[in-house]
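**Q** Heads up, the sequence shown stops at 674 in our numbering, and the numbers go up one at a time, no gaps. Even for Gly, the Cβ is constructed at its ideal location relative to N, Cα and C. If you're wondering where the values come from, they're calculated on a predicted model, not measured in any experiment. Here it is, the structure in full.
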Amino acid sequence: MNAKKSFEITEELRDKIISAAYGDAGFIDKIKINKLAAKYPEVKILFDEYSTTANAAHSIKLEECPDELLNSVGSKIGVKRENKKSFLFDLYTALFTRPIVSAAAASILVIAIVTSIIFNKNEYQYNYSPEEIALADKQVKESLYFVSKIFNKAQTNLTDEILTDRVAKPISKGINLVNDLFIEGDKNENFN
């Protein structure tokens, strides 16, 4: 007798067959499934069925739903629709909610003003007294002092508040949560 042996399809193998049929499987899994399909007719039949279903699902075109219907369904199930944000809102968010971007925009503005003052050639020649020059020098130093205080405060806020509170702590909590889940998972495996 030259009959092929019956092959048992496990749940894990079925999941890999589905992934391969829908095109979501990795390269190695696709090769394994193709080899199994060539060797066992049960695997080939199942793979062909899922491939046919996947092709039918991929060929479905998206259709637009009326806004009234989406709002009605959303209100019944308690889901709010996302509104598309405008360019101005994105620009506002980028400039005023991030200290680094605000500092960069302010420095670019200061550089542009200083550059335009330096390269602005007037035909008039002004004669300034030494007192006026000293006063202007003092005012420039004071303004640069205030700008440096603003930059230092922005840097302090970034390093102390934003990076530690808003970035490092959530990442640390997430890593600790994952570690706790792995530790609990190992305990559960030992009981089986």
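(1) Whose C-beta lies closer than 8 Å to the C-beta of Ala-588 among residues of the same chain, with five residues either side of it excluded?
(2) Among Ser-568, Gly-556, Ala-539, His-540, which one has its Cα closest to the Cα of Cys-547?
(3) Mind the definition here: the stretch 498-514 touches the stretch 532-546 only if three or more C-beta pairs lie below 8 Å; say whether that holds.
(4) Can you tell me whether DSSP reads Gly-556 as helix, strand or coil?
(5) In the DSSP assignment, find the unbroken alpha helix (DSSP H) run with Pro-612 in it and report its ends.
(6) With H, G and I counted as helix, E and B as strand and the rest as coil, what does DSSP make of Val-496?
(7) Alpha carbon to alpha carbon, what distance is there between Phe-601 and Gln-607?
(8) Which residue wins for smallest C-alpha separation from Pro-523, given the options Ile-491, Ile-500, Ser-554?
(9) Just curious, the alpha helix (DSSP H) that Leu-518 is in, first and last residue?
(10) Just checking, does the stretch 617-628 make contact with the stretch 580-587 on the three C-beta pairs under 8 Å criterion?
(11) How big is the Cα-Cα spacing for Ile-513 and Ile-542?
(12) Let's see if you can read the secondary structure: which residues bound the alpha helix (DSSP H) around Phe-601?
(13) Return the chain-ordered list of same chain residues with a C-beta closer than 8 Å to the C-beta of Asn-484, the five sequence neighbours on each side being excluded.
(14) How close, in whole Å, do the beta carbons of Asp-511 and Lys-498 come, if the pair is a contact with beta carbons under 8 Å?
**A** Working from what's here:
(1) Translated into positions along the sequence shown, residue 588 becomes position 106. Closer than 8 Å at Cβ, skipping near neighbours: Val-629, Ile-632.
(2) For the purposes of this step, residue 547 is taken as the residue at position 65 of the sequence shown. Distances from the CA of Cys-547 to each of Ser-568, Gly-556, Ala-539, His-540 were compared; the closest alpha carbon is that of Gly-556.
(3) These segments touch.
(4) Within the sequence shown, the letter at position 74 stands for residue 556. Gly-556: helix per DSSP, three-state reduction.
(5) As a first step, residue 612 must be located in the sequence shown, where it is residue number 130. First-last of the alpha helix (DSSP H) with Pro-612: 612-638.
(6) Position 14 of the sequence shown, counted from the first residue, corresponds to residue 496. Reading off the sequence shown, one finds Arg at residue 496, where the question assumed Val. Residue state, collapsed to three classes: helix.
(7) What you label residue 607 is simply residue 125 of the sequence shown in a count that begins at 1. What you label residue 601 is simply residue 119 of the sequence shown in a count that begins at 1. For Gln-607 and Phe-601, the distance between alpha carbons rounds to 14 Å.
(8) Residue 523 sits at position 41 when you count from the first residue of the sequence shown. It is Ile-491.
(9) Here the question's residue 518 lines up with position 36 in the sequence shown. First-last of the alpha helix (DSSP H) with Leu-518: 509-521.
(10) Segments in contact, no.
(11) Here residue 513 refers to the residue found at position 31 of the sequence shown. Here residue 542 refers to the residue found at position 60 of the sequence shown. It is roughly 27 Å from the alpha-carbon of Ile-513 to the alpha-carbon of Ile-542.
(12) As a position in the sequence shown, residue 601 is number 119, starting the count at 1. Per DSSP, Phe-601 is one residue of the alpha helix (DSSP H) stretching across 581-601.
(13) What you label residue 484 is simply residue 2 of the sequence shown in a count that begins at 1. Its pLDDT being 45, under 50, Asn-484 is placed unreliably by the model, and the measurement read from it follows with that caveat. By the criterion of a C-beta distance shorter than 8 Å, Asn-484 is surrounded by no residue of its chain, once the five residues flanking it on both sides are discounted.
(14) Position 29 of the sequence shown, counted from the first residue, corresponds to residue 511. Position 16 of the sequence shown, counted from the first residue, corresponds to residue 498. Indeed, because the Cβ distance is near 5 Å, the residues count as touching under 8 Å.
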